[in-house]
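Q:
Chains as they are written, first to last, in this note's numbering: chain F, 30 to 563; chain L, 6 to 317.
1. Pairing CB atoms from the segment 358-370 of chain F with CB atoms from the segment 292-301 of chain F, are three or more of them under 8 angstroms?
2. Rounded to the nearest angstrom, what separates residue 221 of chain F and residue 281 of chain L at their Cα positions?
3. Answer with yes or no whether the minimum CB distance from residue 339 of chain F to chain L is below 7 angstroms.
4. Is there a Cβ of chain F sitting closer than 7 angstroms to that of residue 77 of chain L, yes or no?
5. Among F/135, F/208, F/355 and F/520, which residue has its Cα nearest to the Cα of residue 200 of chain L?
6. Can you give me the Cβ contacts of residue 323 of chain F inside the same chain, cut-off strictly under 6 angstroms, excluding the 5 residues immediately before and after it?
7. Scan the segment 274-302 of chain F for residues whose Cβ lies nearer than 8 angstroms to a Cβ of chain L and list them as they occur along the chain.
8. Relative to the alpha-carbon of residue 206 of chain F, which residue among F/375, F/156, F/480 and F/162 has its alpha-carbon at the smallest distance?
9. Looking only at C-alpha atoms, which of L/9, L/196, L/11 and L/24 sits nearest to residue 237 of chain L?
10. Between which two residues does the alpha helix (DSSP H) holding residue 404 of chain F run?
11. Based on the DSSP output, what are the partners of residue 129 of chain F in its beta bridges?
12. Starting from the C-beta of residue 207 of chain L, find all residues in its chain whose C-beta is less than 8 angstroms away, skip the five residues before and the five after it, and write them out in chain order.
13. In chain order, what residues of the segment 228-241 of chain F put their CB closer than 8 angstroms to some CB of chain L?
14. Give the DSSP-derived three-state secondary structure of residue 86 of chain F in the structure shown.
15. Using a Cβ-Cβ cut-off of less than 7 angstroms, give me the residues of the segment 23-53 of chain L that come near chain F, in sequence order.
16. Taking the C-alpha atoms as reference points, what is the distance between residue 553 of chain F and residue 221 of chain L?
17. In three-state DSSP terms, what is residue 222 of chain F?
18. Is residue 298 of chain L near residue 419 of chain F, with beta carbons less than 7 angstroms apart?
19. Run through DSSP, which three-state label would residue 267 of chain F get?
20. Are any of the Cβ atoms in chain F nearer than 7 angstroms to that of residue 110 of chain L?
21. Under a CB-based cut-off of 7 angstroms, is residue 464 of chain F close to chain L?
22. Per the DSSP calculation, residue 196 of chain L is bridged to which residue(s)?
23. Suppose the cutoff is 7 angstroms on Cβ atoms and the five residues either side in sequence are ignored; what does the same chain contact list for residue 198 of chain F look like?
24. Can you name the start and end residues of the beta strand (DSSP E) that residue 93 of chain L belongs to?
25. With distances taken between CB atoms, is the gap from residue 536 of chain F to residue 438 of chain F smaller than 7 angstroms?
26. Quick one: what's got a C-beta closer than 8 angstroms to residue 348 of chain F's C-beta in the same chain, skipping five residues either side?
27. Taking the alpha carbon of residue 204 of chain F as the point to measure from, which residue in F/472, F/284, F/233 and F/266 has its own alpha carbon closest?
28. Residue 162 of chain L bridges to which residues according to DSSP?
29. What distance in whole Å lies between the Cβ atoms of residue 93 of chain L and residue 137 of chain L, which are believed to be in contact at a cut-off of 8 angstroms?
30. Please name the residue in L/31, L/225, L/28 and L/250 whose C-alpha comes closest to that of residue 473 of chain F.
31. Is residue 52 of chain F closer than 7 angstroms to residue 441 of chain F when the C-beta atoms are compared?
32. Residue 106 of chain F by DSSP, collapsed to three states: which one?
33. Output yes if chain L places a C-beta closer than 7 angstroms to the C-beta of residue 156 of chain F; else output no.
34. May I ask you to list, following chain order, the residues of the segment 426-455 of chain F that have a beta carbon less than 8 angstroms from some beta carbon of chain L?
35. Label residue 159 of chain F either buried or exposed according to how many other C-beta atoms from any shown protein chain fall within 10 Å of its C-beta, with 16 as the threshold for buried.
36. Under a Cβ-count criterion, where at least 16 other Cβ atoms within 10 Å of its own Cβ denotes burial, should residue 561 of chain F be classed as buried or exposed?
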């Protein structure tokens with residue numbers, strides 16, 4: 030079919046123009062690209078971390094800790110309730126999601142079940158959870174009772190914790206000020222964090238991993254740490270180790286009751302007091318009130334500031350603090366005060382996170398990789414283009430023009446789709462250069478055969494394109510399958526390779542089949558040669 | 006203008022008649038690859054073994070002995086130190102530390118501290134990669150699964166477009182290619198990591214590309230020459246596609262050599278695998294995939310006149 034309907038011609042030329050326009054910003058600098066008029070797309074190709082330098086972390090939220098805390102709370106709640114109702118029981122034990130005990134008097138069973146029922150929360154079904162009671166209370170006969178968290182509750186908590194962790198991580202990264210960070214959930218409990226341009230990996234790891242749980246608790250003056258160590262610790266108190274910087278003590282006995290916690294903070298800022306870096310904080314109205322009450326009732330007594338399970342300072346309350354703001358001292362340096370303030374502002378992590386995988390690339394390596402990739406691409410492109418002209422003469426030149434447009438289309442597609450170009454991705458482009466000509470070769474070889482079989486130029490061209498099309502499609506679809514599977518299973522840089530390979534396949538087939546054909550048909554109609562120079 | 010023709014028109018090389026030699030060569034190579042794999046194993050990168058990888062840049066040529074001593078003093082277990090591309094670029098691989106992800110991170114911190122102290126001049130840590138045990142285990146599974154799935158998907162596609170014998174032939178050729186590539190990695194000790202899996206999958210795609218072109222011609226000839234004995238038909242198909250096969254292999258190799266030479270050290274292993282893959286893929290399409298059709302009882306159209314023997 031040598032007649033190219035007008036609409037097809039316009040479509041093909043249109044696609045090529047779109048390709049060129051979308052690819053164009055890549056040859057400009059960032060500023061120049063920004064200042065392009067509105068109707069021209071501004072996007073440049075997104076560079077992967079291995080090309081621009083940056084940090085990549087795969088985090089995993091430690092979900093075991095989630096049920097632990099809940100169970101610990103439940104355990105004390107059960108004991109408190111039973112005591113309030115004056116029901117005696119023994120043999121309290123806790124294992125996994127279950128709390129069990131034995132009533133001294135089995136006749137109390139009904140009353141106990143009743144009291145404990147108050148602990149159960151019936152949750153409303155939502156989009157993400159089917160709702161229902163969060164705890165199940167069982168009467169095992171003979172006064173033995175056990176409480177257990179429901180499956181649904183455990184699932185909901187875990188999911189909630191991961192969501193919350195992502196939020197906290199996002200806040201912390203925001204505070205860092207990284208340009209265009211990526212924070213993404215992966216699977217049930219994993220988070221991918223990518224920070225292009227960041228290079229201080231130690232600091233970032235510190236900021237990501239600190240739980241940053243802040244609580245204010247009163248010091249228990251009735252017991253000293255030595256006694257507490259031996260086990261003589263009153264209910265409602267706990268033994269808490271001191272931070273390494275503490276010059277006064279190695280551990281403290283604190284009341285468990287939390288006066289205020291980090292969640293009630295509105296602001297935290299690093300500042301100086303008497304030349305020493307400190308962190309200034311401010312509570313919300315609820316926190317301010319609780320703090321005011323506690324300080325009013327306990328003038329002259331010390332309270333402890335506990336961060337991540339360690340006491341960092343235990344100042345004496347000189348006067349009631351009614352304004353809800355104060356200062357935390359604790360042997361900070363400018364950097365650590367800054368980082369702590371950052372963490373307090375961003376919020377505490379609901380559960381600890383582990384770093385499963387890290388890949389960090391320095392900026393010089395990134396620049397070197399880009400330079401190498403560019404050089405290899407140009408070298409490969411030139412080599413292939415020269416060879417094709419040597420092999421196919423005039424038709425080769427047509428193939429080369431199609432190849433060039435192919436490159437532009439790939440660049441345009443990458444820019445528009447926002448796909449990420451990695452070093453293997455550049456390899457994918459160079460590989461595409463080598464394989465793209467294949468489609469043209471298939472067509473040209475077929476045309477040669479038709480010419481040898483005695484067909485006229487027009488018929489040979491026609492037969493060549495139509496016969497070769499089936500082969501081209503079959504051959505390229507198979508490579509596409511490989512690319513898609515690679516995309517699915519690959520990670521990071523390898524995914525980038527799959528993307529450019531896949532895009533390259535589409536653009537190669539397009540340019541070889543339509544663009545080169547358009548050019549050849551146009552040339553044929555104009556010159557009407559007696560024989561094809563192939 | 007005299008055009009550069011790699012393959013003259015109308016060749017008639019006896020590929021099919023020579024197929025037994027090809028079978029022998031292929032068989033030997035596959036066996037050798039398998040033996041090498043079992044005996045020597047592969048040089049797994051940290052993607053699959055877990056561990057720590059650091060690329061360190063020094064001012065002036067690096068003194069590897071100093072670095073090795075420095076690492077030894079930290080007692081981190083197996084540590085490999087090698088030059089990477091230039092004399093001032095060093096690649097350090099440290100085996101997985103006992104313990105979980107935390108332990109790996111701690112080790113990295115100690116290495117950085119120690120090296121900054123022991124190496125003269127400015128030390129830049131160009132790249133740090135830490136892969137914990139959990140992730141490396143998953144990456145192995147993903148890697149193997151992807152190759153198996155790819156071959157499976159291909160089998161389905163070929164079965165759909167051609168007949169079952171073509172599918173089997175294609176898959177056997179692919180298994181041949183993958184085995185020989187693994188053999189190459191075992192022999193040379195090139196690092197076997199995620200990029201290698203990418204290379205293997207690309208080789209699968211490329212080899213299949215080649216095979217499909219030959220098969221396509223076989224299918225066309227089966228329709229055109231209903232009376233031709235299969236041996237002759239297969240041979241003719243291969244010869245007819247020879248020009249295209251050699252040209253495409255050449256252009257792909259040109260691009261790959263450009264990458265190998267100029268693409269930087271990071272891509273070298275990957276590119277080497279791909280170059281090998283082009284040779285092996287082309288070889289398998291001609292000497293494995295097509296001749297196997299003979300053995301698989303591929304008949305010409307049975308309804309065409311006098312019965313045509315499947316094996317000539």
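Each residue gets a CB set at the ideal place from its N, CA and C atoms; glycine is no exception.
As the structure is a prediction and not an experimental result, all values here were calculated from the model.
A: On the basis of the data shown:
1. yes
2. 35 angstroms
3. no
4. no
5. F/520
6. 288
7. none
8. F/375
9. L/24
10. 392-446
11. F/122 and F/175
12. 279 and 282
13. 230, 231 and 234
14. strand
15. none
16. 29 angstroms
17. strand
18. no
19. strand
20. yes
21. yes
22. L/48
23. 212, 220, 222 and 237
24. 91-99
25. yes
26. 324 and 328
27. F/233
28. In the DSSP output, where bridge partners are listed per residue, residue 162 of chain L has none listed.
29. Actually they do not touch by this definition, with Cβ atoms about 30 angstroms apart.
30. L/250
31. yes
32. helix
33. no
34. 452, 453 and 455
35. exposed
36. buried
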